[in-house]
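Comments concern the structure below.
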Amino acid sequence: MSDASAFPTVPGPASARRVAANLVDMVLGKGRALDDALADPRSGFRDLSDRDRAFVRRLATTTLRRRGQIDGCLRKFLTLWPKGLPREAMRLGAAELLFLDAPAHAAVGEAVNLMHPEQKKPRGLINAVLRKVAIEGQAIVAEQDVARANTPDWLWQSWVNFYGEDVARDIAMAHLQEAPLDISLKDGDPADWAETLQAEVLPTGGLRRMGGGAVESLPGFTAPEDGSGSAWWVQDVAATLPAKLLGDIAGKRVADLCAAPGGKTAQLAALGASVMAVDRSDPRLKRLKENLKRLGFKADVRTAEIEQWQPEESFDAVLLDAPCTATGTIRRHPDLPYLKDETDVAKLAELQRRLMVAAWAMLKPGGRMVYCVCSLQPEEAEYQIRHLLALPGAEIIPADAGRLHLPSEAVTHEGALRTLPSMWSGRGGMDGFFAICLQKN
Numbered sequence: 001m002s003d004a005s006a007f008p009t010v011p012g013p014a015s016a017r018r019v020a021a022n023l024v025d026m027v028l029g030k031g032r033a034l035d036d037a038l039a040d041p042r043s044g045f046r047d048l049s050d051r052d053r054a055f056v057r058r059l060a061t062t063t064l065r066r067r068g069q070i071d072g073c074l075r076k077f078l079t080l081w082p083k084g085l086p087r088e089a090m091r092l093g094a095a096e097l098l099f100l101d102a103p104a105h106a107a108v109g110e111a112v113n114l115m116h117p118e119q120k121k122p123r124g125l126i127n128a129v130l131r132k133v134a135i136e137g138q139a140i141v142a143e144q145d146v147a148r149a150n151t152p153d154w155l156w157q158s159w160v161n162f163y164g165e166d167v168a169r170d171i172a173m174a175h176l177q178e179a180p181l182d183i184s185l186k187d188g189d190p191a192d193w194a195e196t197l198q199a200e201v202l203p204t205g206g207l208r209r210m211g212g213g214a215v216e217s218l219p220g221f222t223a224p225e226d227g228s229g230s231a232w233w234v235q236d237v238a239a240t241l242p243a244k245l246l247g248d249i250a251g252k253r254v255a256d257l258c259a260a261p262g263g264k265t266a267q268l269a270a271l272g273a274s275v276m277a278v279d280r281s282d283p284r285l286k287r288l289k290e291n292l293k294r295l296g297f298k299a300d301v302r303t304a305e306i307e308q309w310q311p312e313e314s315f316d317a318v319l320l321d322a323p324c325t326a327t328g329t330i331r332r333h334p335d336l337p338y339l340k341d342e343t344d345v346a347k348l349a350e351l352q353r354r355l356m357v358a359a360w361a362m363l364k365p366g367g368r369m370v371y372c373v374c375s376l377q378p379e380e381a382e383y384q385i386r387h388l389l390a391l392p393g394a395e396i397i398p399a400d401a402g403r404l405h406l407p408s409e410a411v412t413h414e415g416a417l418r419t420l421p422s423m424w425s426g427r428g429g430m431d432g433f434f435a436i437c438l439q440k441n
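Right under this line is the structure:
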């Protein structure tokens, strides 16, 4: 382990819990995205066995999902946090005791061992507090307002104000569940692939797999040597819906703006479109190209700033998946509530308005543009409708909930698509997405 890690290295290989502590510290202490922390060699994650990686990921994400409850429980026994005591050691130990059914002696002992043997005072304090959590913690958790405790104020107030408290609670509770693996098939019989992948066929035609395991090791992910391309890609069911609002795009010239990492590019290509994928980030476009190559799809990939870029000719259709706070994906990214705030919402909403103007200028008369964000914040979604309708010649093409196999409440009175993490709760939920289709008259 690098000396940049949050917890002192002791002789011998890095323990799984030490890696988990470093990951959570990189998120909460240093403001790093969890995915970036997992890829950072300083975290030690890549050095672990597959089994330990699975454990570390579960421990770190549980600690982030349940941070509010964990801190509320710890405050019962520790009103003043001593200077220099790493909170993550205590948080991870509490997460194991309260939510992962770990034996008390193991969870307490491993949390204590995150401190160097010479750190006697921190070791003693961690031991004393976590022993109390082991005895009294479950009773404390039983009295907590779970939805409210685990949702930062800025998100809670926004959701209550816009959706109402009941829906806000449903959203918050959905975020406590691990998101399933949703699969979009390139071709083949969904029923056959469902059996092969131990998955469920969704009404939308995709598959949903509830079990774990590394994605890369599942049948059909790796491209065969005959050059035909792999059989499927990963894409949340809600993320597949915006492209469907464009209608029949076979043979049409379609721009996928802000395209990386390429799930929607693959979907557009699979629907028969001639796709131009545009994004500002070369590293993210590199991943997009790798995904297209694996699948055997082709697209014209361009690196460009959407606001300044001018295509050689206009497009028949445009899909603008605008940068956003991504609060609709908290099930998959439990670190996100602690990396964003209200200032991000305002900045991104302004950027989105500039992007929609630029995207509209690329569209042929009579063509369709879909504006979408994976955000639950109305400033980035429903409140943008008036700006979209101010575009010259813009007319809303209402979404059809039945055709999309969604409940009627997934379509707003304006005709926009609005999914919530609490929808399809019996099937494992879906990401929160907003999408609206406009025709240029």
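Per full-length UniProt numbering, the sequence shown starts with residue 1, numbered consecutively.
For glycine and all other residues, C-beta sits at the position ideal for the given N, C-alpha and C.
Since the structure is predicted, the reported quantities are computational estimates derived from the model, not experimental observations.
If you drop the 5 nearest sequence neighbours on each side, which residues of the same chain put their C-beta closer than 6 Å to that of residue i?
i, result
"residue 385", "414"
"residue 423", "430"
"residue 68", "149 and 150"
Assign residue i to one of three DSSP states: helix, strand, or coil.
i, result
"residue 217", "helix"
"residue 63", "helix"
"residue 421", "coil"
"residue 434", "strand"
"residue 317", "strand"
"residue 337", "helix"
"residue 443", "Because the chain spans 1 through 441 in this model, residue 443 falls outside it and cannot be assessed."
"residue 73", "helix"
"residue 360", "helix"
"residue 293", "helix"
"residue 181", "strand"
"residue 135", "helix"
"residue 244", "helix"
"residue 186", "coil"
"residue 3", "Low per-residue confidence applies at residue 3: pLDDT is 35, beneath 50, and the placement is therefore not dependable, though the value from the model is reported in the following sentence. Of the three classes helix, strand and coil, the one that applies to residue 3 here is coil, per DSSP."
"residue 440", "strand"
"residue 282", "helix"
"residue 395", "strand"
"residue 329", "helix"
"residue 228", "coil"
"residue 344", "helix"
"residue 300", "strand"
Thinking residue i and residue j are a contact (beta carbons under 8 Å), I'd like their distance in whole angstroms, please.
i, j, result
"residue 328", "residue 429", "At roughly 11 Å, the Cβ-Cβ gap does not stay under 8 Å, so residue 328 and residue 429 are not in contact."
"residue 215", "residue 207", "Residue 215 to residue 207, Cβ: 13 Å. No contact."
"residue 320", "residue 258", "7 Å"
"residue 436", "residue 388", "7 Å"
"residue 122", "residue 85", "5 Å"
Do residue j and residue i come within 8 Å of each other at the CB atom, strictly closer than that value?
i, j, result
"residue 348", "residue 325", "yes"
"residue 65", "residue 176", "yes"
"residue 248", "residue 275", "no"
"residue 43", "residue 19", "yes"
"residue 279", "residue 303", "yes"
"residue 186", "residue 229", "yes"
"residue 260", "residue 287", "yes"
"residue 204", "residue 219", "no"
"residue 125", "residue 82", "yes"
"residue 184", "residue 267", "yes"
"residue 357", "residue 391", "yes"
"residue 393", "residue 440", "yes"
"residue 172", "residue 147", "yes"
"residue 17", "residue 78", "no"
Under 7 Å Cβ to Cβ from residue i, same chain only, skipping five residues before and after it: list those, please.
i, result
"residue 140", "73 and 76"
"residue 263", "233, 235 and 239"
"residue 127", "108 and 112"
"residue 37", "23, 26, 27 and 43"
"residue 95", "59, 62, 63, 66 and 70"
"residue 315", "253, 254, 255, 362, 363, 364 and 367"
Measure from the alpha carbon of residue i to the alpha carbon of each residue in the options, then state which is nearest.
i, options, result
"residue 377", "394, 363 and 421", "421"
"residue 89", "101, 120 and 24", "24"
"residue 354", "21, 36 and 307", "307"
"residue 404", "365, 243, 282 and 62", "243"
"residue 341", "112, 123 and 151", "151"
"residue 231", "435, 210 and 189", "189"
"residue 252", "267, 272 and 258", "272"
"residue 350", "335, 374, 297 and 381", "381"
"residue 426", "281, 357 and 174", "174"
"residue 313", "360, 281, 320 and 285", "360"
"residue 39", "57, 29 and 169", "57"
"residue 245", "372, 16, 106 and 333", "372"
"residue 178", "160, 320 and 209", "209"
"residue 97", "31, 137 and 116", "137"
"residue 450", "47, 437 and 374", "Look at the range of the chain in this structure, 1 to 441, and you will see that residue 450 is not part of it."
"residue 222", "294, 250 and 281", "294"
Spatial neighbours of residue i within its chain, please: C-beta separation below 8 Å, excluding the five flanking residues on both sides.
i, result
"residue 411", "398, 399, 400, 401, 417 and 418"
"residue 11", "Unreliable placement is indicated for residue 11, whose pLDDT of 38 sits below 50; no coordinate value is reported for it."
"residue 334", "34, 61, 64, 65 and 175"
Strictly under 8 Å for the Cβ-Cβ distance: is residue i near chain C by that measure?
i, result
"residue 362", "No chain C is part of this structure, which consists of one protein chain only."
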